[in-house]
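Chains as they are written, first to last, in this note's numbering: chain A, 1 to 228; chain B, 1001 to 1068; chain C, 2001 to 2218.
One structure is given here, and the rest of the page talks about it.
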Amino acid sequence: MFEKILYQSWWKVLTILLLSFTCVYGFWVKIPLLPILEESIRNLFFHVPMWFSMMFLMLMSLIFSLKYLVSFDSKSDVYASNFAVVGFLMGCLGILTGMVWAKVTWGAWWVFAEVKLNAAAAALLVYSAYFILRSSFVDAELKAKFSAVYSIFAFVMFMVFINVIPRLATSSLHPGNGGNPGFNSYDLDNHLRLVFYPAILGWIGIGFWLSSQLIRINLIKRKIDDID
Amino acid sequence: MKKNILLGTAFLFSMVPAMANNHPAVNLLLSNNKLIAVNAILLIILLGIFIFLFNQDKRIKKLEDRIK
Amino acid sequence: MSIGNIIHLIRKEAILELRNKAILASMLIYVIGASFIVYFAFQGQIEFQVWAAIFWVIILFSATNIIGKTFDKEVRFQYNYLRTVVHPIELIISKLLYNAILIFVFELVVFLEMLLFFGVDIDNMPLFFLTLFLGGIGFSNLFTLFSTITSRTGNVVLLSVLGFPIILPLLLLILRLTGISEVDVLSTDTNVNIGAVVVLDLITAALSLVLFPYLWNE
Chain A
1 MFEKILYQSW WKVLTILLLS FTCVYGFWVK IPLLPILEES IRNLFFHVPM WFSMMFLMLM
61 SLIFSLKYLV SFDSKSDVYA SNFAVVGFLM GCLGILTGMV WAKVTWGAWW VFAEVKLNAA
121 AAALLVYSAY FILRSSFVDA ELKAKFSAVY SIFAFVMFMV FINVIPRLAT SSLHPGNGGN
181 PGFNSYDLDN HLRLVFYPAI LGWIGIGFWL SSQLIRINLI KRKIDDID
Chain B
1001 MKKNILLGTA FLFSMVPAMA NNHPAVNLLL SNNKLIAVNA ILLIILLGIF IFLFNQDKRI
1061 KKLEDRIK
Chain C
2001 MSIGNIIHLI RKEAILELRN KAILASMLIY VIGASFIVYF AFQGQIEFQV WAAIFWVIIL
2061 FSATNIIGKT FDKEVRFQYN YLRTVVHPIE LIISKLLYNA ILIFVFELVV FLEMLLFFGV
2121 DIDNMPLFFL TLFLGGIGFS NLFTLFSTIT SRTGNVVLLS VLGFPIILPL LLLILRLTGI
2181 SEVDVLSTDT NVNIGAVVVL DLITAALSLV LFPYLWNE
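Here's what the structure looks like:
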């Protein structure tokens, strides 16, 4: 069923509509004027959904890594690695938009007091290690097996990092941590929600689109290799 | 299939002016040149990305058909 | 799976280690040399926070070096023999325990060195040693599994590349615990931190146990 979705095009049209909506209405929508954030709160429609998209793609990568260890089907390995590639790209975009936002609101491009920012950077390091690991094997089967194991390990530790450590930390500049107001206090603003939820779906959609193309290309490559 | 999608999209967009009539957000947009510029630039970039992606899809499809 | 087998395997590790004393001795000199360099670089004066950070960084680097050799001790065909006689879970448990003990010993050596050079005073010694113990287990859990992966690639740097970003949460917690142990105040914060390190140790151990058989079986 999943493979069918990969080749269908309805979700591509949906992605186009949602993202166009985000990019247009995101700039018109009436926002609650909050002290430090002010107009920069519109970055909520870009920065946050990019992280959601990265999480989604990494989750897909994890699922297919697990599937590989169960079935040892090299197709799953193609899926897992290419979802990770696009997830990494989304993470980089998320960090860039986050840095711009940090410069505007907190006054610096990079802040140590911010656990989530550093956790995100660590996550990107983990996944670059994953790509290095993949590139240092010659044997395809070993590569698939070992990188699946690493990515499962990495995902669990990354979840611990992102979800547990910031709660233990006393200082975080993100909403909901260390005395900052949570997004819930103004997320309830229905105007914001109207753009925020479509934005999440749109960014996940475009990530999925990119990875579907990478996967299809690599499946073709694999087939050609098999023929040779 | 493709034709239907295109028609549907065109229909949806044709609804926009009717809905947008006298909407406060539209009034804001029309009174603000900067906003129009930002929207236009973003939409053009998006359009470029989407055209690229669809082209890519088409090329991949061709390859898949050839390999079958 | 039997405990007797695990003890036998740990003894085998120790015997192999002692048979080739050059590696052990070179690691010993490595950590002593590292702390000596730090001593000179800071010219004998150091804040406790900096001391703790450098202490753990030295241990981290020596741990990657020590554990990186875990699967290089035996020759390849000996593994084929091991595959037939022991269960992979027994093997990984013995390797984890052995590495944890080894790292703990090295932690003690580095600690004594750094204590001798800089003369820091730690008020809450039990907490500090608990941190050393839990940290050693955590390092061993993480790096042992990764050394299985890297031993097949022949890429020496890969173990650090794989391990460093993943060890960050553990390192963060351990550093905080070390910072707390300087003054003798027990708070709920301490308990939460200890609990978090224990949980991390358990998670990494569980992951190693579950995932190792996949790497081990050909």
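The beta-carbon is built from N, C-alpha and C at its ideal position, and this holds for glycine as well.
In the structure shown, what three-state DSSP assignment does C:R2152 receive? Taking the first residue of the third sequence as 1, we reach residue 2152 of chain C at position 152. Three-state DSSP puts C:R2152 in coil, outside helix and strand.
Please classify A:E38 as buried or exposed, where buried requires at least 16 neighbouring CB atoms within 10 angstroms. Reading the first sequence from its first residue, position 38 is the one you call residue 38 of chain A. Counting Cβ neighbours within 10 Å, A:E38 comes out exposed, since fewer than 16 surround it.
Establish whether the CB of C:P2213 and some CB of chain A are separated by less than 7 Å. On the third sequence, position 213 is the one that residue 2213 of chain C refers to. No, no contact with chain A.
I want to verify the contact list: residues of chain C whose CB lies under 8 Å from the CB of A:V149, in sequence order. If you number the first sequence from 1, residue 149 of chain A lands on position 149. Result: L2145, I2149, L2211, Y2214, L2215.
Count the other CB atoms within 10 Å of the CB of B:N1055; is the residue buried (16 or more) or exposed (fewer)? Counted from its first residue, the second sequence places residue 1055 of chain B at position 55. So B:N1055 counts as exposed.
Residues of the segment 2147-2180 of chain C whose Cβ lies closer than 7 Å to any Cβ of chain A, in chain order: I2149, R2152, T2153, N2155, L2158, V2161, L2162, P2165, I2166, L2168, P2169, L2172
Below 7 Å on C-beta distance, what does B:I1060 contact in chain A? For this step, residue 1060 of chain B is matched to residue 60 along the second sequence. Going along chain A in sequence order, the residues near B:I1060 (Cβ under 7 Å) are Q213, R216, I217.
Between C:L2130 and chain A, is there a C-beta pair that is closer than 7 Å? For the purposes of this step, residue 2130 of chain C is taken as residue 130 along the third sequence, with counting starting at 1. Not closer than 7 Å to any Cβ of chain A, the Cβ of C:L2130 fails to qualify, so no.
Short of 7 Å in beta carbon distance, which residues of its chain neighbour A:L201, apart from the five on each side in sequence? Order them along the chain. Taking the first sequence and counting its residues from 1, one reaches residue 201 of chain A at position 201. Excluding positions up to five away in sequence, the list reads L18.
First and last residue of the uninterrupted alpha helix (DSSP H) at C:E2017: Here residue 2017 of chain C refers to the residue found at position 17 of the third sequence. From DSSP, the alpha helix (DSSP H) with C:E2017 extends over 2003-2019.
With burial defined as no fewer than 16 other Cβ atoms inside 10 Å of the residue's Cβ, what is the status of A:D139: buried or exposed? Stepping through the first sequence from its first residue, residue 139 of chain A is reached at position 139. With fewer than 16 other Cβ atoms within 10 Å, it is exposed.
I'd like to know whether the C-beta of A:I5 is nearer than 7 Å to at least one C-beta of chain B. By one-based count along the first sequence, residue 5 of chain A stands at place 5. No, A:I5 lies away from the interface with chain B (no Cβ there is under 7 Å from its Cβ).
Could you tell me whether the segment 128-137 of chain A touches the segment 102-113 of chain A, using the rule of 3 or more Cβ pairs below 8 Å? no
Looking only at its own chain, which residues have a Cβ that is under 6 Å from the Cβ of C:T2099, when we skip the five neighbours before and after it? Counting from 1 along the third sequence, the entry for residue 2099 of chain C is found at position 99. Note on residue identity: the sequence assigns Asn, not Thr, to residue 2099 of chain C. For C:N2099, where only same-chain residues beyond five positions count, the Cβ hits under 6 Å are I2067, S2140, T2144.
Exposure of B:A1040, with buried meaning 16 or more beta-carbon neighbours within 10 Å: The residue you call residue 1040 of chain B lines up with position 40 of the second sequence. It is exposed - the Cβ of B:A1040 has fewer than 16 other Cβ atoms within 10 Å.
Spatial distance of A:M50 from A:K221 (CA atoms): Taking the first sequence and counting its residues from 1, the one referred to as residue 50 of chain A is at position 50. Taking the first sequence and counting its residues from 1, the one referred to as residue 221 of chain A is at position 221. Approximately 29 Å between the Cα atoms of the pair.
Determine contact between the segment 2199-2214 of chain C and the segment 2086-2102 of chain C, defined as no fewer than three beta-carbon pairs at a distance below 8 Å. yes
In angstroms with no decimal places, state the Cα-to-Cα distance between A:A122 and B:N1004. As a working note, residue 122 of chain A is residue 122 in the first sequence. As a working note, residue 1004 of chain B is residue 4 in the second sequence. Taking the straight line joining both Cα atoms gives about 46 Å.
Secondary structure at A:H47, three-state DSSP: helix, strand or coil? Here residue 47 of chain A is taken as the residue at index 47 of the first sequence, counted from 1. Reduced to three states, the DSSP call for A:H47 is helix.
How about A:I220: is its C-beta nearer than 7 Å to some C-beta of chain B? Counting from one through the first sequence, the residue named residue 220 of chain A turns up at place 220. Yes, its Cβ sits closer than 7 Å to a Cβ of chain B.
If you count every other CB in all the chains shown that lies within 10 Å of the CB of A:L198, and 16 or more means buried, which is it? On the first sequence, residue 198 of chain A is found 198 positions in, with the first residue counted as 1. In the sequence under discussion, the amino acid at residue 198 of chain A is Pro, which differs from the Leu named in the question. By the neighbour-count rule (16 or more Cβ atoms within 10 Å), A:P198 is buried.
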